[in-house]
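K.L.:
Residue numbering for the sequence shown follows the numbering used here, beginning at 14 and increasing consecutively. Idealized CB from N, CA, C, for every residue including glycine.
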Amino acid sequence: MPVETSSSAVPSAEPPQHRPLLGILFKVASAFTFSCMGAAVKVVGSITPADQAFPVGQIVFCRSFFALIPVFTWMALIGKLHTAFQTNNHKGHLRRGLIGSLGMFFGFTALMMLPLTDATAISFTAPLISVVLAAFVLGEVVRLYRWTAVLVGFCGVIVMLWPYFSADAISRQPDTTLALGALFGFLGAVCAAFAMIEVRRLTATESTSAIVIYFSLMTTTFGMLTVVGGGIDPEWAWRTPNAKQAFFLVLVGVMGGFGQIFLTESYRRAPASTVAPFDYTGMIFAMAWGYFLFGEFPHQLVLLGACIVCGAGIYVILRERQLGIDRKRQAEASPPRSI
């Protein structure tokens with residue numbers, strides 16, 4: 014599920030190993046496991062009667078709680094468990110946790126209301142939104158080429174959302190489920206973009222272990238708090254799953270945890286500009302799961318818009334890489350200054 018892959022992209026504090034092929038393999042593995050997580054969320058929704066649907070908060074709780082099992086195991090194996098709770102920025106973790114949790118709620122709701130491929134495609138708008146936020150929130154310099162790519166990408170967003178929000182589409186829909194699902198998917202992408210900005214701030218002082226663990230603990234807490242709210246609204250109350258449902262709820266968390274591990278390992282072994290374009294393999298996996306598990310066929314306009322968004326996103330990534338190369342050359346060409 015790309016919303017999460019993007020928002021969870023935490024640069025490793027360890028020095029890179031410069032093994033690009035291995036980094037790419039880890040990145041594809043993370044895209045695959047996150048797609049498995051998204052498919053499991055949708056399966057939970059499809060095998061649950063409408064009047065006994067699991068509240069989204071319960072799914073968020075399971076996603077975050079069971080993800081801690083592989084994450085803690087991984088940190089123990091690499092000797093980073095002792096740094097998991099060391100932090101100098103509690104407020105930053107709280108902001109990231111709140112925004113990330115909200116994005117997870119929106120994203121999971123979209124997955125349960127939309128075809129899997131459509132929900133995944135809409136989530137890919139997050140990296141483009143993050144470019145805009147980086148300019149206005151972080152004050153980063155974004156030049157004409159990247160602004161052009163962002164504008165083209167947002168045209169792709171309009172194309173993707175058109176099947177759900179055009180006057181003709183709304184008139185033909187028996188209810189507002191699909192339109193609401195598309196709206197929730199886009200709101201989830203916006204939250205994921207804000208989460209990216211918070212992660213970039215946190216990496217200035219925080220370790221990878223702390224960023225991952227605090228996020229998982231906070232989303233676990235927020236998910237459970239909404240379930241406790243079932244005393245006010247029965248729709249949010251905890252539902253006891255049967256064996257099949259319990260399996261998929263646990264799978265949601267375990268796949269999410271492994272996705273975070275593979276994602277972190279990919280960035281440790283290769284530059285972000287090398288591995289980031291392979292995020293978009295998630296579209297292929299989502300299409301496969303949607304077809305074989307749910308018999309879904311994505312709307313042609315959604316596919317067209319997804320291609321535009323993916324193309325714009327890849328261009329932004331490659332542009333960032335070229336700018337990094339140019340800055341390095343300029344630094345090497347500058348004569349050392351005497352002190």
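Pairs of beta-carbons, one from the stretch 220 to 235 and one from the stretch 53 to 69, closer than 8 Å: are there three or more?
P.N.:
no
K.L.:
Does chain B have any CB closer than 8 Å to the CB of residue 78?
P.N.:
In the displayed structure, chain B is absent; only one protein chain is listed.
K.L.:
Where do the ends of the alpha helix (DSSP H) carrying residue 59 lie?
P.N.:
In the sequence shown, residue 59 corresponds to position 46, counting from 1. Element bounds for residue 59: 33 to 59.
K.L.:
Between residue 204 and residue 119, how many whole angstroms is the CB-CB distance? I'm expecting something under 8 Å.
P.N.:
Stepping through the sequence shown from its first residue, residue 204 is reached at position 191. Stepping through the sequence shown from its first residue, residue 119 is reached at position 106. Rounded, the Cβ-Cβ distance is 6 Å, consistent with contact.
K.L.:
Taking only three categories from DSSP, how would you classify residue 279?
P.N.:
Residue 279 sits at position 266 when you count from the first residue of the sequence shown. Looking at residue 279 - three-state DSSP - the assignment turns out to be helix.
K.L.:
Just verifying my parser: in three-state terms, what is the DSSP assignment at residue 131?
P.N.:
Locating residue 131 in the sequence shown gives position 118, where the first residue counts as 1. Note: residue 131 maps to helix in three-state DSSP.
K.L.:
With DSSP collapsed to three states, give me the class of residue 97.
P.N.:
Locating residue 97 in the sequence shown gives position 84, counting from the first residue. Residue state, collapsed to three classes: coil.
K.L.:
Considering only residues of the same chain and omitting the five flanking positions on each side of residue 129, which have a CB-CB separation below 7 Å?
P.N.:
For the purposes of this step, residue 129 is taken as the residue at position 116 of the sequence shown. Closer than 7 Å at the Cβ level, and outside the excluded window around residue 129, lie 51, 52, 55, 299, 302, 303, 307 and 309.
K.L.:
I'd like to know if the stretch 66 to 79 and the stretch 266 to 273 are in contact, where contact means that at least 3 CB-CB pairs between them fall below 8 Å.
P.N.:
Under the 8 Å Cβ criterion, the stretch 66 to 79 counts as touching the stretch 266 to 273, having at least three qualifying pairs.
K.L.:
Please go through the stretch 208 to 271 and give each complete alpha helix (DSSP H) segment of 4 or more residues, from N-terminal end onward.
P.N.:
You should have 221 to 241.
K.L.:
With the cut-off set at 8 Å, would you say residue 355 and residue 140 are in Cβ contact?
P.N.:
Outside the displayed range of the chain (14 to 352) lies residue 355, so it cannot be described from this structure.
K.L.:
Below 7 Å CB to CB, which residues in the same chain sit around residue 16 once its five sequence neighbours on both sides are set aside?
P.N.:
Along the sequence shown, read from residue 1 onward, the residue named residue 16 stands at position 3. Residue placement at residue 16 is poorly supported in this model, since its pLDDT is 47, which falls under 50; the coordinates are not used for a value here.
K.L.:
Give the single residue among 67, 226, 148 and 274 whose Cα lies nearest to the Cα of residue 38.
P.N.:
If you number the sequence shown from 1, residue 38 lands on position 25. Selected option, being the one with the closest Cα: 274.
K.L.:
Roughly how many angstroms separate the alpha carbons of residue 327 and residue 109, rounded to a whole number?
P.N.:
Position 314 of the sequence shown, counted from the start, is the residue given in the question as residue 327. Position 96 of the sequence shown, counted from the start, is the residue given in the question as residue 109. Distance between the alpha carbons of residue 327 and residue 109: 25 Å.
K.L.:
Less than 7 Å between C-beta atoms, sequence neighbours within five positions excluded: which residues of the same chain meet that for residue 131?
P.N.:
Counted from its first residue, the sequence shown places residue 131 at position 118. If we look at residue 131 and ignore the five residues flanking it on each side, its Cβ neighbours are 311, 312 and 315.
K.L.:
What is the DSSP secondary structure of residue 274, counted as helix, strand or coil?
P.N.:
Walking along the sequence shown from the start, residue 274 turns up at place 261. The answer is helix: DSSP assigns residue 274 an H, G or I state.
K.L.:
Could you name the residues of the same chain whose beta carbon sits closer than 8 Å to that of residue 24, not counting the 5 residues immediately before and after it, in chain order?
P.N.:
In the sequence shown, residue 24 corresponds to position 11, counting from 1. Confidence is the limiting factor: at residue 24 the pLDDT is only 46, short of 50, which leaves the residue's position unreliable and the question unanswerable from this model.
K.L.:
Measuring straight from C-alpha to C-alpha, what distance separates residue 218 and residue 62?
P.N.:
Sequence index remark: in the sequence shown, residue 218 carries index 205 (1-based). Sequence index remark: in the sequence shown, residue 62 carries index 49 (1-based). Those two C-alpha atoms are separated by around 46 Å.
K.L.:
What's the gap between the Cα of residue 242 and the Cα of residue 127?
P.N.:
Position 229 of the sequence shown, counted from the first residue, corresponds to residue 242. Position 114 of the sequence shown, counted from the first residue, corresponds to residue 127. Whole-angstrom Cα-Cα distance: 26 Å.
K.L.:
Within its chain, find whatever has a CB closer than 8 Å to the CB of residue 68; leave out the 5 residues flanking it on each side and keep chain order.
P.N.:
Sequence index remark: in the sequence shown, residue 68 carries index 55 (1-based). The answer, listed in chain order, is 239, 240, 243, 248, 249, 250, 251 and 252.
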